[in-house]
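Taking my numbering, the leading residue of the sequence shown gets 102, the next gets one more, and so forth. Just so it is clear, CB atoms sit at the ideal spot from N, CA and C, and this is done for glycine as well. Please read all numbers here as calculations on a predicted model, not as lab measurements.
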Amino acid sequence: MTAVATEFEYHAPQRHRMPPWLAVAIAVFCIGWGGNQFTPLLIAYAQHSGYTRVDVDILLGAYVLGLIPGLLIASTLSDRHGRRNVMAAGVISAALGSVVLAIGDYWGFGPLFVGRLFSGVAVGIAMAVGSAWIAELSRPPYDDASSGAGARRASICLSLGFGVGPLCAGLLTVYAPLPLVLTYLVHAALCVPVLWAVWNRTVETRVHTTDRPFLDGLKVPAAAHRRFLHVVVPMAPWIFGSAAVAYAVVPALVADRLGSWALLYTVGLTVLTLGCGVLIQPVARRLDDVSSSRAVVVSMALMTLGIFAAVATAVTGSPIIAALVAMLLGSAYGIAIVSGLLEIQRISPPDELAGISGVYYSLAYLGFLLPAVLAALAHWFSYPVMLSAVGVLAVVCTAVCASGWAKHLSPRTPARRVR
Numbered sequence: 102m103t104a105v106a107t108e109f110e111y112h113a114p115q116r117h118r119m120p121p122w123l124a125v126a127i128a129v130f131c132i133g134w135g136g137n138q139f140t141p142l143l144i145a146y147a148q149h150s151g152y153t154r155v156d157v158d159i160l161l162g163a164y165v166l167g168l169i170p171g172l173l174i175a176s177t178l179s180d181r182h183g184r185r186n187v188m189a190a191g192v193i194s195a196a197l198g199s200v201v202l203a204i205g206d207y208w209g210f211g212p213l214f215v216g217r218l219f220s221g222v223a224v225g226i227a228m229a230v231g232s233a234w235i236a237e238l239s240r241p242p243y244d245d246a247s248s249g250a251g252a253r254r255a256s257i258c259l260s261l262g263f264g265v266g267p268l269c270a271g272l273l274t275v276y277a278p279l280p281l282v283l284t285y286l287v288h289a290a291l292c293v294p295v296l297w298a299v300w301n302r303t304v305e306t307r308v309h310t311t312d313r314p315f316l317d318g319l320k321v322p323a324a325a326h327r328r329f330l331h332v333v334v335p336m337a338p339w340i341f342g343s344a345a346v347a348y349a350v351v352p353a354l355v356a357d358r359l360g361s362w363a364l365l366y367t368v369g370l371t372v373l374t375l376g377c378g379v380l381i382q383p384v385a386r387r388l389d390d391v392s393s394s395r396a397v398v399v400s401m402a403l404m405t406l407g408i409f410a411a412v413a414t415a416v417t418g419s420p421i422i423a424a425l426v427a428m429l430l431g432s433a434y435g436i437a438i439v440s441g442l443l444e445i446q447r448i449s450p451p452d453e454l455a456g457i458s459g460v461y462y463s464l465a466y467l468g469f470l471l472p473a474v475l476a477a478l479a480h481w482f483s484y485p486v487m488l489s490a491v492g493v494l495a496v497v498c499t500a501v502c503a504s505g506w507a508k509h510l511s512p513r514t515p516a517r518r519v520r
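Given below as structure tokens:
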């Protein structure tokens with residue numbers, strides 16, 4: 102019965118000549134766009150809307166409050182109700198988030214905060230359900246792609262969305278009418294055809310959904326795997342922690358020297374960070390080794406270098422050094438996000454993949470709160486001091502990841518590299 106249902110679902114998209122994973126990837130891209138389009142506008146909100154640096158950093162991290170529940174609950178909901186239904190809800194949440202953010206330019210901090218929550222829920226669904234769904238559709242019988250292709254496809258599409266969103270937002274805010282409004286409406290309009298594609302051009306991999314109690318579905322035994330605890334957990338918060346430093350903290354450190362160019366520079370730095378994150382991912386694939394934590398350790402080493410380069414930026418206020426920081430931390434982000442996904446796919450049974458993806462991304466997005474923490478502490482400490490402390494913490498986490506180099510490997514994993 103299962104095989105027949107799966108075969109029927111598999112052949113449907115072939116009539117439309119669309120790879121089974123592509124419509125899901127487009128949805129992940131669109132949601133990533135909406136989740137990160139707010140980032141380069143921090144300076145605009147601070148300069149033109151009267152918000153303090155703490156205010157805008159709180160808004161930047163606010164969607165973590167929506168994202169983490171979305172990550173942890175969405176996977177269980179998709180097991181019960183199917184991937185398609187939950188992913189469609191994610192696209193709708195992304196569109197609502199953009200509409201509310203557009204209203205927030207007139208109604209103030211409250212709607213902006215709520216809009217960021219909606220965006221967070223959407224990104225949580227994209228990461229937990231979208232990543233797992235793409236991974237499922239990148240394996241037989243749906244696709245004959247190489248091992249690890251699902252992780253790369255998911256991370257690349259998400260990273261592209263995270264990069265294109267800020268680029269369009271910044272350009273529309275600077276050159277188009279209705280700044281801080283039109284950019285959100287454009288994204289909301291984009292969500293309409295994407296929602297149609299999710300509903301009509303996807304393959305449902307959860308043909309027979311589970312009827313186990315909802316609370317039991319929230320349990321993720323793979324999260325207690327020693328490999329996950331010793332290698333993935335110490336690295337995960339640095340994934341978006343490093344990205345947040347690159348395109349939320351560093352631009353503010355050089356803004357005074359850029360004057361009216363500060364917003365466009367922030368856009369450029371955001372695109373540079375995430376562009377490096379995308380371009381480095383083929384290298385991440387080659388660095389990955391099923392018998393060691395090599396890729397994870399390399400990503401952490403790059404993060405450490407990038408953080409200490411950010412210290413130099415804080416001291417000198419140099420836009421050139423800031424660009425170097427973006428390249429280092431962007432490359433670290435790209436290697437880390439792929440290596441972490443490959444690690445969890447090796448230790449997780451198929452029916453726990455969405456759940457462990459949710460836990461992984463929840464830990465990763467804790468790092469996105471770093472700019473708000475630093476802004477709050479700036480009343481007592483300078484940024485060179487705080488970033489130096491962050492760099493020391495990165496060194497410690499690198500050592501912890503290295504200590505689990507070849508420990509607690511999954512017995513299900515063949516002793517070969519992922520290609």
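Applying the 10 Å Cβ sphere with the 16-neighbour rule, what's the burial state of residue i?
i, result
"L330", "exposed"
"P585", "What the structure shows of the chain is the stretch from 102 to 520, and residue 585 is not part of that stretch, so it cannot be assessed."
"L279", "exposed"
"Q138", "buried"
"V201", "buried"
"Q148", "exposed"
"G151", "exposed"
"L371", "As written in the sequence, residue 371 is Thr, which differs from the Leu given in the question. Buried, since its Cβ has 16 or more Cβ neighbours within 10 Å."
"Y462", "buried"
"S256", "buried"
"I421", "exposed"
"Y276", "exposed"
"T103", "With a pLDDT of 37 at T103, under the threshold of 50, the modelled position of that residue is not reliable, and the figure given next carries that caveat. Looking at its Cβ environment, which holds fewer than 16 other Cβ atoms inside 10 Å, T103 is exposed."
"G360", "exposed"
"S504", "exposed"
"P267", "buried"
"R517", "A caution first: R517 carries a pLDDT of 39, below 50, which makes its placement in the model too unreliable to give a value."
Identify which residue in the options has its Cα closest to the Cα of residue i.
i, options, result
"R254", "V125, D156, Y366", "V125"
"C502", "L425, R395, S432, V155", "R395"
"V426", "V412, A437, I436", "V412"
"G264", "L365, A163, N301, W134", "W134"
"M336", "A500, T417, L142", "A500"
"A145", "A437, G418, G456, T367", "T367"
"L123", "A490, V346, R302", "R302"
"T374", "F341, D357, R387, L359", "F341"
"S232", "L364, I132, I422, S504", "I132"
"S343", "V215, I204, A270, L488", "L488"
"S176", "A363, V460, V295, V493", "V460"
"R358", "S419, F210, A385, I436", "S419"
"E305", "Y434, H326, T417, I235", "I235"
"V155", "G167, G492, F210, L173", "F210"
"V157", "V222, T140, S194, G369", "T140"
"L467", "F482, L143, I381, L172", "L172"
"A128", "R184, W481, V299, L197", "V299"
"A345", "Y434, L443, Q446, P485", "Y434"
"L443", "L388, A423, A495", "L388"
"M428", "L380, A415, L296", "L380"
"R181", "L403, V192, E453", "E453"
Take residue i and list the residues in its own chain whose beta-carbon comes closer than 7 Å to its own, dropping the five residues that flank it on each side.
i, result
"L470", "G162, V165"
"A250", "S239"
"L187", "Here the sequence assigns Val to residue 187, which means Leu is not the residue at that position. Closer than 7 Å at Cβ, skipping near neighbours: A175, L178, S179, I226, V230."
"L213", "L160, L202, G205"
"C498", "P335, M336, W339, M401"
"L78", "Residue 78 cannot be examined here, being either before or after the span of the chain that is shown, 102 to 520."
"G492", "T405, I408, F409, V412"
"A356", "I144, A363"
At which residues does the alpha helix (DSSP H) containing residue i begin and terminate?
i, result
"V351", "351-355"
"T284", "283-301"
"L406", "395-417"
"V426", "420-448"
"F341", "334-345"
"R386", "382-388"
"L273", "250-276"
"E305", "That residue, E305, is in no alpha helix (DSSP H); it is neither H nor E in DSSP."
"G360", "Run containing G360: none; DSSP gives neither H nor E here."
"P485", "484-504"
Please list, in chain order, all residues of the same chain as residue i whose beta carbon is under 6 Å from its beta carbon, the five residues on each side excluded.
i, result
"S199", "G135, Y285, H288, A289"
"D206", "L281, V282"
"I159", "A473"
"S194", "F219, V222, A223"
"V215", "V201"
"P352", "T367, L370"
"C377", "M428, G431, S432"
If I measure Cβ to Cβ from residue i and keep anything under 8 Å in the same chain, skipping five residues before and after, which residues do I get?
i, result
"F130", "C258, L259, L261, G262, V265"
"G441", "V333, M336, A337, I340, V397, Y461, A465"
"D84", "It is not possible to answer for residue 84, since the shown part of the chain is limited to 102 through 520."
Entirely enclosed alpha helix (DSSP H) segments - the stretch 146-218, minimum 4 residues: 154-182, 184-208
Contained alpha helix (DSSP H) runs [length at least 4] in the stretch 117-146, N- to C-terminal order: 123-137
Length at least 4, wholly inside the stretch 455-481: the alpha helix (DSSP H) runs in chain order: 471-478
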